[in-house]
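Peer 1: Let me begin by handing over the structure; questions about it come next.
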Amino acid sequence: MRLRKAILATIPLFLIGLAIAGCDASTENSGRIIVRMTDAPLEQVTAINVTVVSCEIINSATEERETIVSSDEAKMFNLLALADGISLDVCDQEVQLKVFDQLRVVIGDEASITTGMDAAPVTTDLHVASGSSSGLKFFFDEAVDVSGGETLDVLLDFVADESVVTTGPPSAPTGYVMTPVIRAVSAELGGAALSISDEEEVVVE
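The sequence shown begins at 1012 in the working numbering and counts up by one.
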């Protein structure tokens, strides 16, 4: 089974795409994950550096779960440097779980933001308020089975302008806080649409 996750974007949104494929019955009972990231620039912001620590697939019925770690040490990526269809692999790992109904995306607590288009750029620590421990949760209406070699494509929307807010007075902000806002856009298994929802239970078909 092959699991691929990519982050894409259109202004002012970051998009995360995830593709999961099962292996043939004749192959070993293992799979693979490849995570790619791409993005587009935002006004007055020259860099948003975030860390995607891992994603996790879960079978709620059996309570089986598998964590897919991006690397031995989580890497920081500038989402705004990945634009115009450019993508970057951030995760490449085999997976074993073939049947699941939940996906979690874990954002690390190490992040920064760089502002200043005309003046000297200023880089500020970006505090991640949530998403670093339990992960952002997404649910499939029915269990997804990729053991027969099918490919599951999931598209998630990382909404930048809702995720990053300033602290302090609006005229003189003292810092930035990120509360990751990621919404389900679509899910397809072998070309057939599936229903997926985020924790707000908004279903996309």
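In this text, a Cβ means the ideal position worked out from N, Cα and C, and glycines have one as well.
Please name the residue, chosen from Asn1070, Thr1062, Pro1191, that lies closest to alanine 1122 on a Cα-to-Cα basis.
Peer 2: Working through the sequence shown from its first residue, we reach residue 1122 at position 111. Nearest C-alpha to alanine 1122: Thr1062.
Peer 1: Are the beta-carbon atoms of alanine 1058 and threonine 1125 separated by less than 7 Å?
Peer 2: Taking the sequence shown and counting its residues from 1, one reaches residue 1058 at position 47. Taking the sequence shown and counting its residues from 1, one reaches residue 1125 at position 114. Yes, Cβ-Cβ distance for alanine 1058 and threonine 1125 is below 7 Å.
Peer 1: Should alanine 1051 be labelled buried (16 or more other beta-carbon atoms within 10 Å of its own) or exposed?
Peer 2: Within the sequence shown, numbered from 1, the residue matching residue 1051 stands at position 40. Its pLDDT being 35, under 50, alanine 1051 is placed unreliably in this model, and the value from its coordinates should be taken loosely. Buried.
Peer 1: Measuring straight from C-alpha to C-alpha, what distance separates proline 1181 and serine 1158?
Peer 2: Counted from its first residue, the sequence shown places residue 1181 at position 170. Counted from its first residue, the sequence shown places residue 1158 at position 147. Taken atom to atom, the span from the alpha-carbon of proline 1181 to that of serine 1158 is near 52 Å.
Peer 1: Who are the near neighbours of valine 1188 in its chain, counting only those whose CB is closer than 7 Å to its CB and skipping five residues on each side?
Peer 2: Stepping through the sequence shown from its first residue, residue 1188 is reached at position 177. Hits under 7 Å: His1138, Ala1140, Val1176, Thr1178.
Peer 1: If we call anything under 7 Å between Cβ atoms a contact, is valine 1170 one with valine 1192?
Peer 2: Taking the first residue of the sequence shown as position 1, residue 1170 is located at position 159. Taking the first residue of the sequence shown as position 1, residue 1192 is located at position 181. Result yes, Cβ atoms of valine 1170 and valine 1192 sit closer than 7 Å.
Peer 1: Going by DSSP, what residue range makes up the beta strand (DSSP E) through glutamate 1153?
Peer 2: Position 142 of the sequence shown holds residue 1153. Glutamate 1153 -> beta strand (DSSP E) spans 1147-1156.
Peer 1: Let's see if you can read the secondary structure: which residues bound the beta strand (DSSP E) around glycine 1201?
Peer 2: For the purposes of this step, residue 1201 is identified with residue 190 of the sequence shown, where counting begins at 1. Element bounds for glycine 1201: n/a, residue is neither H nor E.
Peer 1: Does glycine 1127 pass the burial test, meaning 16 or more other C-beta atoms within 10 Å, or should it be called exposed?
Peer 2: The residue you call residue 1127 lines up with position 116 of the sequence shown. Glycine 1127 is classed as exposed because its beta carbon has fewer than 16 other beta carbons within 10 Å across all chains shown.
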